[in-house]
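Chemist:
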Amino acid sequence: MSSSPDGERDAFTAAVIAHVGYGSRRTPGADDVAVLAMDVPQPEALLAQVKQVIATSDTLDIPREAFGTENKSVLFAAEFEKLCPGLSPEALEALSWRWSYLEFF
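Numbering (my numbering), first residue to last: 51 to 155.
(1) Should residue 52 be labelled buried (16 or more other beta-carbon atoms within 10 Å of its own) or exposed?
(2) Under three-state DSSP, which class holds residue 137?
(3) Under a three-way DSSP split, which group does residue 105 fall into?
(4) My guess is that residue 130 and residue 110 are in contact by the Cβ rule of under 8 Å, so how many angstroms apart are they, rounded?
(5) By DSSP, does residue 75 sit in helix, in strand, or in coil?
(6) For residue 146, which option in 85, 119 and 103 has the closest C-alpha, if you only look at C-alpha atoms?
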């Protein structure tokens, strides 16, 4: 992992995507091994950060009625950005996919 802010953000984004299985699974998961296998200096610390953000996303409470015809990902991203600013659009999409699945299915 690069020590630059962009490199750290890219690694964090990749870790979120790997952990929840976005794009590689039909349903969200919690793949600690995928994050620990990443080629980063401190995979355990990265995993802890990912789990913290996921735990924060689990606290988000958006009533079904609030979505109306709006895309769930857009509303989730807008609301979650208030709790965890600075996440990449890709990380927000992966978290939204996980959250939506757990909330609505």
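Glycine included, each C-beta is placed from N, C-alpha and C at the ideal position. Please read these numbers as outputs of a predicted model, since none were measured by experiment.
Modeler: With the structure as the only source:
(1) Any reading at residue 52 must be qualified, since the residue scores a pLDDT of 45, below 50, and its modelled position is unreliable; the value itself is stated next. When all chains shown are included, residue 52 counts as exposed.
(2) coil
(3) helix
(4) 6 Å
(5) coil
(6) 103
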